[in-house]
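*Asks:*
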Amino acid sequence: MVAGNVSQSGAIAPKASVARLSLSEFRCYENQRMEVGPAPVVLSGPNGAGKTNVLEALSFLVPGRGLRGVKLAEISRRDPHSKEPANRPWAVAANLETKDGPRTVGTGREIQSGVRREKRVVHVDGGTMRSQTVLSEILSAYWLTPQMDRLFLEGASARRRFLDRLVFGVDPAHASRVSAYDHAMRERSHLLRHGQSDGNQGADPEWLSVLEETMASKGVAVSAARIELATKLDQLAGQTAQDGIFPGASLSVTGTLEDWLETVPALEAEDRMKKKLEDNRQRDRENGFAQIGPHRSDMEVCQLSTGQIAKLCSTGEQKALLISLILANSQLGAAQKGSLPLLLLDEVAAHLDETRREALFEEILKLGIQAWMTGTDARLFSSIKNDAQFFGVNNAMITPA
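One point on numbering: in this note's numbering, the residue at position 351 of the sequence shown is 548, and numbering is uninterrupted.
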């Protein structure tokens, strides 16, 4: 068992924090438990020691595939003396302090005999949940990793996932809308490719219509929620800048549905999308995916002071813009949900200059967020030594520092 030191700063305690984290067969950890207070947490140690694995475990306390976005089987702890992939269940469990009081959450990989599809199970307060989307009603979490340094330069899918995590933080129902849309889209694509399962030629037009109606209603709702968040963040983003240290970020969502929603009511946009899906069946069958929908949208970010789009900014400016968005969204979530998120910041100190690093620490303490930060050099966090909980990570062992 690992115990953390208590913050001496008098900072406001966050409304959502981890009090105990337990890992079983997760990545490099066979069994590990750590207990912490609501203050920020610093994990320091050499590369490959297991610091990022802790952040990944925390990222599974919310819906989705975690901060690495990998298959469940890849997370199982491997035998260091074997080259074979592990085939064992893993689990992450946490005792949380939330605005609704203490909660217990557990999730992991379940292996079912005779079933090929891997399954993620979720337990809340001792009960088994039917869907992981319930997690978004309890906790929200945002993360930044070194791999996200190219978020504005690569494909739109990563930007959509980042945007949806921001929406989850203020609108828990968004997770179920995205899940329902994705499920209907996959079913439609399968039906277009393979037709009816009974061997008849062609896809069932009535069932296709049902799936397309679901895609239209859920798809427009997903786009509308993204637009609403972008509008609210536009109003708040500039306020997160500290004397210009963090650039204000303007966020917009681009795509066909978003263009429609600027000029027509949501119900008319649904009708348009349903008609487009019906007209595009042959084309979608040939391409293997739907040509229209929120899965084709993108997120565009600009620096407020200069109007420069993020993909043309330097790497340091891009990271600062992402931090600005996360801090603004944290404030928005606190105002709308009465709950602050977890921040999972992997090697963030090493990728910010000293001025911005200290500004980030100051904002985290001011908001009262439980931020989990990793770094190879604990000295980069020395300015918050009296306000944070420090742990050393080495050879898959976590100890108080």
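Glycine is no exception: its CB is placed at the ideal position from the N, C-alpha and C atoms. From a predicted model like this one, the values you see are computed outputs, not experimental measurements.
Just list the beta strand (DSSP E) runs in the region 539 to 563, keeping only unbroken ones of 3 residues or longer that don't cross its boundaries, in chain order.
*Replies:* Runs of the beta strand (DSSP E) inside the region 539 to 563: 539 to 542.
*Asks:* Tell me whether ASN284 sits in a helix, a strand or coil according to DSSP, three-state version.
*Replies:* The answer is coil: DSSP assigns ASN284 none of H, G, I, E or B.
*Asks:* Looking at THR579: is its Cβ nearer than 9 Å to the Cβ of TYR339?
*Replies:* With the sequence shown as reference, residue 579 is identified as Ser, and Thr is not the correct amino acid for it. Result no, Cβ atoms of SER579 and TYR339 do not sit closer than 9 Å.
*Asks:* Within the same chain, show all residues whose beta-carbon is closer than 6 Å to that of PRO343, passing over the 5 residues directly before and after it, in chain order.
*Replies:* Here the set comprises GLU544.
*Asks:* Based on DSSP bridge pairs, tell me the residues matched to TYR339.
*Replies:* Paired residue(s): LEU540.
*Asks:* Bridge partners of MET345, per DSSP?
*Replies:* Paired residues: none, contrary to the question.
*Asks:* What is the rounded straight-line gap between the Cα of SER206 and the Cα of LEU549?
*Replies:* Because SER206 carries a pLDDT of 41, less than 50, the predicted location of this residue cannot be relied on, and the following value inherits that uncertainty. Roughly 24 Å separates the two Cα atoms.
*Asks:* Along the chain, which unbroken stretches of the alpha helix (DSSP H) at least 4 residues long are found entirely within the region 419 to 500?
*Replies:* 453 to 458, 463 to 476, 478 to 484, all fully within the region 419 to 500.
*Asks:* Could you spell out where the alpha helix (DSSP H) holding LYS296 opens and where it closes?
*Replies:* From DSSP, LYS296 is part of no alpha helix (DSSP H); its letter is neither H nor E.
*Asks:* Going by DSSP, name the residue or residues bridged to LEU388.
*Replies:* The partner list for LEU388 (beta bridge, DSSP) is empty, contrary to what the question assumes.
*Asks:* Going straight from the alpha carbon of PRO235 to that of LYS534, what length do you get?
*Replies:* When rounded, the distance between both Cα atoms is 18 Å.
*Asks:* Using only the alpha-carbon positions, how far apart do VAL251 and PRO260 sit?
*Replies:* Straight-line Cα distance between these residues: approximately 17 Å.
*Asks:* Would you kindly check if the distance between the Cβ of ALA288 and the Cβ of SER221 is under 9 Å?
*Replies:* Yes, the Cβ-Cβ distance between SER221 and ALA288 is below 9 Å.
*Asks:* Per the contact definition of three or more C-beta pairs closer than 8 Å, is the region 582 to 596 in contact with the region 259 to 273?
*Replies:* Short answer: they don't touch.
*Asks:* Relative to the alpha-carbon of ARG362, which residue among GLU551, ALA585, PHE587, LEU258 has its alpha-carbon at the smallest distance?
*Replies:* Out of GLU551, ALA585, PHE587, LEU258, LEU258 has the C-alpha closest to the C-alpha of ARG362.
*Asks:* What is the C-beta distance between PRO237 and ALA585, in whole angstroms, given that I count them as a contact (C-beta under 8 Å)?
*Replies:* Right, the Cβ-Cβ distance comes to about 4 Å (below 8 Å), so this counts as a contact.
*Asks:* Taking all protein chains shown into account, decide if ARG224 is buried (16 or more other Cβ within 10 angstroms of its Cβ) or exposed.
*Replies:* Its Cβ being crowded by 16 or more others within 10 Å, ARG224 is buried.
*Asks:* Report the three-state DSSP secondary structure of LYS316 (helix, strand or coil).
*Replies:* Strand.
*Asks:* Which two residues bound the contiguous beta strand (DSSP E) that contains PHE365?
*Replies:* Run containing PHE365: none in the beta strand (DSSP E); it sits in the alpha helix (DSSP H), 353 to 367.
*Asks:* Name the residue from VAL417, LYS429, ARG300 whose alpha carbon lies nearest to the alpha carbon of ALA463.
*Replies:* Answer by Cα proximity: VAL417.
*Asks:* So what does DSSP say about MET382, is it helix, strand or coil?
*Replies:* In this structure, MET382 counts as helix in the three-state DSSP scheme.
*Asks:* Output the distance between the C-alpha atoms of ARG327 and VAL319, rounded to the nearest integer angstrom.
*Replies:* Taking the straight line joining both Cα atoms gives about 8 Å.
*Asks:* Mind the definition here: the region 477 to 490 touches the region 424 to 433 only if three or more C-beta pairs lie below 8 Å; say whether that holds.
*Replies:* Too few Cβ pairs lie closer than 8 Å, so no.
*Asks:* In the DSSP assignment, what residue or residues form a beta bridge with GLU307?
*Replies:* Partner(s): LYS316.
*Asks:* Are three or more beta carbon pairs between the region 370 to 384 and the region 400 to 415 nearer than 8 Å?
*Replies:* The region 370 to 384 vs the region 400 to 415: in contact.
*Asks:* Assign GLY324 to one of three DSSP states: helix, strand, or coil.
*Replies:* Correct three-state label for GLY324: strand.
*Asks:* Taking the straight line between their C-alpha atoms, what separation do you get for ARG469 and VAL364?
*Replies:* Approximately 25 Å between the Cα atoms of the pair.
*Asks:* In the DSSP assignment, the alpha helix (DSSP H) including ILE566 goes from what residue to what residue?
*Replies:* Counting along the chain, ILE566 falls outside any alpha helix (DSSP H), and DSSP gives it neither H nor E.
*Asks:* Using the Cβ count rule (16 or more neighbours within 10 Å means buried), how would you classify LYS248?
*Replies:* Buried: at least 16 other Cβ atoms inside 10 Å.
*Asks:* Span of the beta strand (DSSP E) holding GLY513?
*Replies:* Here GLY513 belongs to no beta strand (DSSP E); instead the alpha helix (DSSP H) covers 512 to 534.
*Asks:* Tell me the DSSP secondary structure of PHE223 in three-state form.
*Replies:* If DSSP states are grouped into helix, strand and coil, PHE223 belongs with the strands.
*Asks:* Do the region 488 to 502 and the region 449 to 460 make contact, defined as three or more Cβ pairs closer than 8 Å?
*Replies:* Yes, they touch.
*Asks:* Helix, strand or coil for PRO243, going by three-state DSSP, please let me know.
*Replies:* Here PRO243 sits in coil by DSSP.
*Asks:* Which residues bound the beta strand (DSSP E) around THR249?
*Replies:* Note, THR249: premise wrong, no beta strand (DSSP E); alpha helix (DSSP H) at 248 to 256.
*Asks:* Looking at GLY366: is its Cβ nearer than 9 Å to the Cβ of LEU255?
*Replies:* No, these two residues do not count as a Cβ contact at 9 Å.
*Asks:* Give me the Cα-Cα distance between GLU315 and GLU559, rounded to the nearest whole angstrom.
*Replies:* Distance between the alpha carbons of GLU315 and GLU559: 42 Å.
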